[in-house]
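Asks: Read left to right, the sequence shown gives residues 1 to 149 (full-length UniProt numbering). Don't be surprised by glycine CBs; every beta carbon is placed ideally from N, CA and C. Computed from a predicted structure; not experimentally measured.
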Amino acid sequence: MSSIQSIVDRFEIEALRGEFTDSVMMRDPDRLASLFTDDGVWRIPGAGVELTGREQIRDGSKRLQSQWDFFVQTTHPGTIQIDGDAAAGRAYISELARLQDGRSGLNYAVYHDRYQRTKDGWKFAERVYEVRYLDTTPLSGSAQIESHE
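1) Work out the CA separation of Lys123 and Ala33 for me, nearest whole Å.
2) Go ahead and pull the three-state DSSP assignment for Gly89.
3) Among Asp85, Ala87 and Asp69, which has the Cα closest to the Cα of Arg103?
4) Using DSSP's beta-bridge definition, name the partner residues of Thr118.
5) Output the boundary residues of the beta strand (DSSP E) element that contains Leu51.
6) Does the separation of the CB atoms of Pro77 and Glu130 fall below 8 Å?
7) Which whole-angstrom value is the C-beta distance of Tyr115 and Ala87, which I expect to be below 8 Å?
8) Please classify Ser142 as buried or exposed, where buried requires at least 16 other C-beta atoms within 10 Å of its C-beta.
9) Looking at C-alpha atoms only, which residue of Trp42, Gly46 and Gln73 is the closest neighbour of Asp59?
10) Taking the alpha helix (DSSP H) that Arg17 belongs to, which residues open and close that run?
11) Leaving out the 5 sequence neighbours to the left and right, which residues in its chain are closer than 7 Å to Gly105 when beta-carbon positions are compared?
12) Would you decide whether Val8 is buried or exposed? Buried here means 16 or more other CB atoms lie within 10 Å of its CB.
13) Under three-state DSSP, which class holds Arg31?
14) Going along the chain, which residues of its own chain have a beta-carbon closer than 7 Å to the beta-carbon of Met1, five neighbours each way excluded?
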């Protein structure tokens, strides 16, 4: 594989990770599900979440998002190792959230990813979420929710 192709692949995988964060932040479960392969898996072991396939991912995302008062996620670039039409990598995550039941949290985590090149571009074959730090101290701020549609 040429070095130009490697650069393009890395750029496309980084864009995929950005689309994931954007679809979560914009509460777009259909777009989120479309970022996975047909049999892709999204795991959040600490929350007992394991979703397989686009339908489960879409429905699970709706269920998780219905619990939020507000949610902010940022993704920081991590590693990407490409091997033909497959790749593996990590992305570093920071999240701030308050649930509708009043619980809140700040966490720092790692997504352990497997990617697959498809006819529609790179997709997640698997995303596994590993929390490295969690603070459940009640948040003192408030969300300023404005529509930008």
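Replies: Considering the structure as presented:
1) Straight-line Cα distance between these residues: approximately 10 Å.
2) In the structure shown, Gly89 falls within a strand segment according to DSSP collapsed to helix, strand and coil.
3) Checking every option, the nearest Cα to that of Arg103 belongs to Asp69.
4) Under DSSP, Thr118 forms a beta bridge with Gly121.
5) Run containing Leu51: Val49 to Thr52, per the beta strand (DSSP E) assignment.
6) It is not a contact, given that the beta carbons lie outside the stated cut-off.
7) Right, the Cβ-Cβ distance comes to about 4 Å (below 8 Å), so this counts as a contact.
8) Per the 10 Å Cβ criterion, exposed.
9) For Asp59, the nearest C-alpha among the options comes from Trp42.
10) Ser3 to Met25 is the span of the alpha helix (DSSP H), which, as asked, contains Arg17.
11) Around Gly105, the same chain offers Ala97, Leu134, Asp135 and Thr136 as residues with beta carbons nearer than 7 Å, after the five sequence neighbours per side are excluded.
12) So Val8 counts as exposed.
13) Helix, per DSSP.
14) Its pLDDT being 49, under 50, Met1 is placed unreliably by the model, and nothing is read from it.
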